[in-house]
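>
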Amino acid sequence: MTDRIRTDALKLKKLIREAEALADESMIACARLRQAMLAARQNPAVEVTTGQRALMRLAQAEGQALALSTNLLRVHDELSKVARETMADDDIPTEVLPEALELSAEGEAAVLADA
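Written out as structure tokens, the structure reads:
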């Protein structure tokens, strides 16, 4: 294996993990936003239906963020397969458990069904 291939592999490994972390941060931010929206709506001076459409839109955004996370997990798995095939003796690939991909597919199907 050339140094260039190893360098590229290490860069890809770093970038996929960064992308996965950002997807998680996006979901955390959405959860915080939902919590704040619901807390604000509990003010007695605010109608209980206030912000309902915004909450529905946020739920869609959360579903899309989860779908993004699922697809990044699949990208990670594919990159790991390539690394295992081309660099069998290096520590570049990371294992993505098949159960994680199955759970991701189930979760994605549920989100799509709710959309």
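In the numbering used here, the protein residues as written are 15 to 129. Backbone N, C-alpha and C define an ideal beta-carbon position, used for all residues, glycine too.
1. If you check the beta carbons only, do H90 and I30 fall under 8 Å apart?
2. Which class does N57 belong to by DSSP, given the choice of helix, strand or coil?
3. Quick test of the definition: if touching needs 3 or more C-beta pairs under 8 Å, does the stretch 93-100 touch the stretch 43-60?
4. Determine whether the beta carbon atoms of L47 and L86 lie at a separation below 8 Å.
5. Suppose you measure from the CA of A35 to the CA of T84; what does that come to, to the nearest Å?
6. Taking the alpha-carbon positions, what's the Q66 to L52 distance?
7. For T2, which of helix, strand or coil comes out of DSSP?
8. So for M101, helix, strand or coil by DSSP?
9. Under 8 Å Cβ to Cβ from E76, same chain only, skipping five residues before and after it: list those, please.
Let me spell this out:
1. On the sequence shown, position 76 is the one that residue 90 refers to. On the sequence shown, position 16 is the one that residue 30 refers to. Yes, they are a contact pair.
2. One-based indexing of the sequence shown puts residue 57 at position 43. N57 falls in the coil class under three-state DSSP.
3. no
4. For this step, residue 47 is matched to residue 33 along the sequence shown. For this step, residue 86 is matched to residue 72 along the sequence shown. Cβ atoms of L47 and L86: not closer than 8 Å.
5. Indexing the sequence shown from 1 puts residue 35 at position 21. Indexing the sequence shown from 1 puts residue 84 at position 70. Spanning the two alpha carbons is a distance of roughly 12 Å.
6. By one-based count along the sequence shown, residue 66 stands at place 52. By one-based count along the sequence shown, residue 52 stands at place 38. Distance between the alpha carbons of Q66 and L52: 10 Å.
7. A question about residue 2 goes unanswered here, because the residues of the chain that appear run from 15 up to 129.
8. For the purposes of this step, residue 101 is identified with residue 87 of the sequence shown, where counting begins at 1. In the three-state scheme derived from DSSP, where H, G and I count as helix and E and B as strand, M101 is classed as coil.
9. Residue mapping note: residue 76 aligns to position 62 of the sequence shown, counting from 1. Once the five neighbours on either side are set aside, the close Cβ partners of E76 are M41, C44, A45 and R48.
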